[in-house]
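This report concerns only the one structure given below.
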Amino acid sequence: MENYELVKDIGSGNFGVARLMRHKQTRELVAMKYIERGPKVVLTPTHLAIVMEYAAGGELFERICKAGRFSEDEARYFFQQLISGVSYCHSMQICHRDLKLENTLLDGSPAPRLKICDFGYSKSSLLHSRPKSTVGTPAYIAPEVLSRREYDGKLADVWSCGVTLYVMLVGAYPFEDHEDPRNFRKTINRIMAVQYKIPDFVHISQDCRNILSCIFVANPSRRITIKEIKSHPWFLKNLPRELTEAAQAMYYRKENPTFSLQSVEEIMKIVEEAKIPPPVSRSIGGFGWLGEEDDGVKEDDAEAHEEKVDDEEDEYEKRVKEAQASGEFHGLL
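By the UniProt record's numbering, the letter at position 309 of the sequence shown is numbered 309, and the numbering carries on one by one without gaps.
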């Protein structure tokens, strides 16, 4: 930890706090996430710290909000990177389950490189059973996820990638009622019926329309796969050299030093140690950084925050169950 110096706070979420840090020798900027130690989380004296690449370009969501919508070429440029990243996750037997514009970050280069983030809902097919929980963001959820049966998380990711592509092209969500966008039941009905259209003012190629129609298929067994997307004519057009199959195979070969500076065994040892609560009840100088003011978080406040998060999750599940019980839509046959 002594190798880094604080630049500024980036933000906070349900599971930790992110800070922009600078390596004292290399001057490289990194994002460092702090997760409070304890038996409920998977090192400083008080926190588990994870050093990650810093995405200076912000969220892809912010970029589309400023632009309104992208041209077909620009949308394809980001979609190619998204699919490449998801393909790698799937090759490692990880399904994300919450892919969306807000969970895709950009670096600060003139031709931005896309980074997938927030794996809070992700699931490993090697470590876990097939998912059946209703997780994700409503506008991006695949029909089979709403059915509350076991589903293939990888094919659900494909659907979410399709929603992301649609939003980039159109500037709106495909399954929301534009006259009543906050009506959750209408959104569910339209998802289950695969009810969407490309507005007349959006001019895209037939190949682009085709790939969307191959993604938005209610029966996941008939939906296009990531592998098939990567061989689709629309996806292959203007494909950057570094995203070709040959280049990706070279980049991800096991001897590539970009994989990890730590072994799996070393990481697992750190995680196990992080499960042990700190000997003191409050942070030392703020996330283990001496000399910084940090009054800590009162236990009552922490419990209240956990209850709020649980309430938000319960409310989402409640809304899905209400819509299912109403008989307004039925699970996949």
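By construction, the Cβ of each residue, glycine as well, lies at the ideal position given by its N, Cα and C atoms.
- Exposed unless 16 or more other CB atoms sit within 10 angstroms - verdict on Tyr-251: Counting Cβ neighbours within 10 Å, Tyr-251 comes out exposed, since fewer than 16 surround it.
- Item | Contact check, Gly-85 vs Lys-115, beta carbons under 9 Å | A contact, by the Cβ cut-off of 9 Å.
- Item | Phe-175 versus Thr-225 - alpha carbon distance | Looking at the backbone, the Cα of Phe-175 and that of Thr-225 are separated by about 21 Å.
- Alpha carbon to alpha carbon, how far is Ile-270 from Ser-160? Give it in angstroms, no decimals. Spanning the two alpha carbons is a distance of roughly 33 Å.
- Specify whether the region 184-193 and the region 99-110 touch according to this definition: at least 3 beta carbon pairs, one from each stretch, less than 8 Å apart. With a cut-off of 8 Å, the region 99-110 and the region 184-193 do not count as touching, because too few Cβ pairs lie within range.
- Run through DSSP, which three-state label would Gly-57 get? In the structure shown, Gly-57 adopts coil according to DSSP, grouped into three states.
- Query: What does a CB cutoff of less than 7 Å around Glu-72 pick up in its chain, not counting 5 residues either side in sequence?
  - Reply: The beta carbon of Glu-72 sits closer than 7 Å to the beta carbons of Leu-169, Ile-204, Ser-205 and Cys-208 from its chain, once the five residues preceding and following it are set aside; these are given in chain order.
- Message: From the DSSP secondary-structure annotation, give me the bridge partner or partners of Val-17.
- Response: Partner(s): Ser-12 and Tyr-34.
- Distance CB(Val-30)-CB(Val-51) smaller than 9 Å: In contact: Val-30 and Val-51 (Cβ atoms closer than 9 Å).
- Message: Does Arg-97 pass the burial test, meaning 16 or more other C-beta atoms within 10 Å, or should it be called exposed?
- Response: Taking all protein chains shown into account, Arg-97 has 16 or more neighbouring C-beta atoms within 10 Å of its C-beta and is therefore buried.
- Per DSSP, the bridge partner or partners of Val-51: In DSSP, Val-51 forms a bridge with Met-32.
- Query: Should Cys-95 and Lys-154 be called a contact, given that it needs their Cβ atoms to be closer than 9 Å?
  - Reply: Yes, the Cβ-Cβ distance between Cys-95 and Lys-154 is below 9 Å.
- Task: Count the other C-beta atoms from every protein chain shown that fall within 10 angstroms of the C-beta of Met-21, then say buried if there are 16 or more, exposed otherwise.
- Result: It is buried - the Cβ of Met-21 has at least 16 other Cβ atoms within 10 Å.
- Taking the Cβ atom as the reference point for each residue, do Cys-214 and Ile-229 lie within a distance shorter than 9 Å? Here Cys-214 is near Ile-229, since their CB atoms are less than 9 Å apart.
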